[in-house]
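J.: Please find one structure pasted underneath; my questions will follow.
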Amino acid sequence: MKRTITHLADGRELLYFDRRDDADRSAADLRDLPPRPPASELRYDPLTEEWIAVAGHRQSRTFLPPADECPLCPSAPGRLTEIPSSDYDVVVFENRFPSFSGQPVGTAPVGGLSEVRPGTGRCEVVCFTSDHDSSFSRLSPEQVELVMEAWIDRTAELSALPGVEQVFCFENRGPEIGITLAHPHGQIYAYPYVTPRTRLSLRAAERHRRRTGRDLFADVLAAEREAGVRVVAANEHWTAFVPAAARWPVEVHLYPHRRVPDLGSLEADERAAFGPLYTRVLRALDGLFGVPLPYVAAWHQAPVHTGRDLSYAHLEVFSIRRAPDKLKYLAGSESAMGAFVNDVLPEDTARRLRSLAEG
168 MKRTITHLAD GRELLYFDRR DDADRSAADL RDLPPRPPAS ELRYDPLTEE
218 WIAVAGHRQS RTFLPPADEC PLCPSAPGRL TEIPSSDYDV VVFENRFPSF
268 SGQPVGTAPV GGLSEVRPGT GRCEVVCFTS DHDSSFSRLS PEQVELVMEA
318 WIDRTAELSA LPGVEQVFCF ENRGPEIGIT LAHPHGQIYA YPYVTPRTRL
368 SLRAAERHRR RTGRDLFADV LAAEREAGVR VVAANEHWTA FVPAAARWPV
418 EVHLYPHRRV PDLGSLEADE RAAFGPLYTR VLRALDGLFG VPLPYVAAWH
468 QAPVHTGRDL SYAHLEVFSI RRAPDKLKYL AGSESAMGAF VNDVLPEDTA
518 RRLRSLAEG
């Protein structure tokens, strides 16, 4: 793999990840861009003990442009984009409209028992392929490995930034999910705090270890593999299953068979085995209702400074689609109380996905 670092016209960092050592990445960004926005504010909610990012500049971000104006496609004569080169394998760059950044910002008290501090951190965009009409499910195993290398590289680099507490790699797919760009891409957030979901999981893992002396995530994986009824697909190094207490109408978790705290701790054969299984699962998901499935794919990795011995890196993929023509909306119980009600039996979802993955 060849990694090339350059900068965009407004100073944002851009990295090319190439399979070829002779890839020419000398093209410069010739656009006239406005100054980068200041960092967001973080406001503390004392009722939930959570931090909320307030980033007003994101209201003006690009929203579903036509394909011939896509900012994630390679640049071409007469059409300059976020990627200066005329082609690429995988590209990572700083988000132009970030929720967190290293740009200086001043904060003032807002009252309401809410502490305020700058939303320092970093947000990056990961372009999985230069093909605007492709999808992650159609990537070759070699391309998935290159994306994995980019995730690993960025997790390590962002974890070393001052103030960063957690690195989150994810993909939003489909207009129903709320994407603003249709090009196959994901994002990476470097948070200045440990996220609420991770704090809950680590507390549960710590209680489980005190009670049993074992690893919670490893026990969940072992129990699902033994039960078998919710397993969707597996290979030598990974298992994909629908969790017994799935929150979403469609939800699949992918676990490596060996506990690692983060993606960088995976060995070469584990990294290589991920792509073929994951893309098979994604194709099964698209076959579930006969239409491309909107989904969120979320990598759970250990925080930078805490809970690393309790964490178990894994991927969770979930969708709000519950039928070919129906979406699950987070209404009163879910949105107000955080109490999920799933209208679809997890075992039924697993059975249908397993059949599609085997076909």
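Residues 168 to 526 (the numbering used here) are what the sequence shown spells out, left to right.
The beta-carbon is built from N, C-alpha and C at its ideal position, and this holds for glycine as well.
Could you pull out every unbroken beta strand (DSSP E) segment of at least 3 residues lying fully inside the region 431-478, listed in chain order?
T.: With a minimum length of 3 residues, the continuous beta strand (DSSP E) runs that stay inside the region 431-478 are 462-467.
J.: So, under 8 angstroms CB-CB, Asp386 and Tyr479 are touching, yes? Tell me the CB distance rounded to an integer number of Å.
T.: That belief does not hold up - the Cβ atoms of Asp386 and Tyr479 are roughly 10 angstroms apart, past 8 angstroms.
J.: Within its chain, find whatever has a CB closer than 8 angstroms to the CB of Glu343; leave out the 5 residues flanking it on each side and keep chain order.
T.: Result list for Glu343: Pro461, Ile487, Arg488, Leu494, in chain order.
J.: Could you pull the start and end residues of the beta strand (DSSP E) that Glu180 belongs to?
T.: Residues 180-185.
J.: List the whole-angstrom C-beta distance separating Ala454 from Pro491, where the pair is believed to meet the contact cut-off of C-beta under 8 angstroms.
T.: The sequence shown places Gly at residue 454, not Ala. The Cβ separation is near 12 angstroms, so there is no contact.
J.: Just to confirm before moving on: does the CB-CB distance between His420 and Glu483 stay below 8 angstroms?
T.: A contact, by the Cβ cut-off of 8 angstroms.
J.: Between the Cα of His404 and those of Leu430, Leu433, Glu437, spot the shortest distance and give me the residue it belongs to.
T.: When each option's Cα is compared against that of His404, the closest is Glu437.
J.: Quick check on this structure: which residue in His299, Ala176, Asp191, Leu200 has the alpha carbon closest to the alpha carbon of Glu236?
T.: Cα-wise, what sits closest to Glu236 is His299.
J.: Which word fits Leu325, buried or exposed, when buried means at least 16 other C-beta atoms lie within 10 angstroms of its C-beta?
T.: Flag for Leu325 reads buried.
J.: Would you give the residue range spanned by the beta strand (DSSP E) that Pro423 belongs to?
T.: First-last of the beta strand (DSSP E) with Pro423: 417-423.
J.: Who are the Cβ neighbours of Ala407 in its own chain at under 6 angstroms, not counting the five residues just before and after it?
T.: Cβ neighbours of Ala407 beyond the five flanking positions: Val399, Ala400, Val419, Leu421, Val448.
J.: Please state whether the Cβ-Cβ distance between Asn402 and Leu444 is less than 8 angstroms.
T.: Taking 8 angstroms as the Cβ cut-off, Asn402 and Leu444 qualify as a contacting pair.
J.: Report all residues from its chain with a CB closer than 8 angstroms to the CB of Ala517; omit the five preceding and five following residues, and keep chain order.
T.: The answer, listed in chain order, is Val396, Arg397, Val398, Val399, Phe408, Val409.
J.: Out of Leu181, Val221, Phe184, state which residue places its alpha-carbon closest to the alpha-carbon of Val277.
T.: Checked all of Leu181, Val221, Phe184; the closest Cα to Val277 is Val221.
J.: What residues are listed by DSSP as bridge partners for Cys294?
T.: Answer by DSSP bridge pairing, in chain order: Val258, His352.
J.: Write down the C-beta distance between Asp515 and Pro416 rounded to the nearest angstrom, noting that I regard them as a contact closer than 8 angstroms.
T.: Asp515 to Pro416, Cβ: 10 angstroms. No contact.
J.: Write down the C-beta distance between Phe295 and Val257 rounded to the nearest angstrom, noting that I regard them as a contact closer than 8 angstroms.
T.: About 7 angstroms; that satisfies the 8 angstroms criterion.
J.: Give a yes or no on contact between the region 209-219 and the region 191-201, applying the rule of three or more CB pairs nearer than 8 angstroms.
T.: Counting Cβ pairs under 8 angstroms, fewer than three are found: no touch.
J.: To the nearest angstrom, report how far apart Ala506 and Leu497 are at their CA atoms.
T.: Using only the alpha carbons, I get a separation of about 10 angstroms.
J.: How big is the Cα-Cα spacing for Val272 and Leu280?
T.: Between Val272 and Leu280, the C-alpha separation is close to 21 angstroms.
J.: Among residues of its own chain, excluding the 5 on either side of Ala243, which ones have a beta-carbon nearer than 7 angstroms to its beta-carbon?
T.: Closer than 7 angstroms at Cβ, skipping near neighbours: Ser253.
J.: Taking a contact to mean a Cβ-Cβ separation below 8 angstroms, would you say Glu332 touches Val471 in this structure?
T.: It is a contact, given that the beta carbons lie within the stated cut-off.
J.: Is Val334 closer than 8 angstroms to Ala317 when the C-beta atoms are compared?
T.: No.
J.: My output table needs one value for Gly505: the three-state DSSP class, helix, strand or coil.
T.: Coil, per DSSP.
J.: Under a Cβ-count criterion, where at least 16 other Cβ atoms within 10 Å of its own Cβ denotes burial, should Met315 be classed as buried or exposed?
T.: Its Cβ being crowded by 16 or more others within 10 Å, Met315 is buried.
J.: With H, G and I counted as helix, E and B as strand and the rest as coil, what does DSSP make of Leu367?
T.: It is helical.
J.: Name the residue from Ser307, Ser268, Ser304, Arg425 whose alpha carbon lies nearest to the alpha carbon of Val292.
T.: Of Ser307, Ser268, Ser304, Arg425, the residue nearest in Cα terms is Ser268.
J.: What are the boundary residues of the alpha helix (DSSP H) that includes Ser522?
T.: 513-525 is the span of the alpha helix (DSSP H), which, as asked, contains Ser522.
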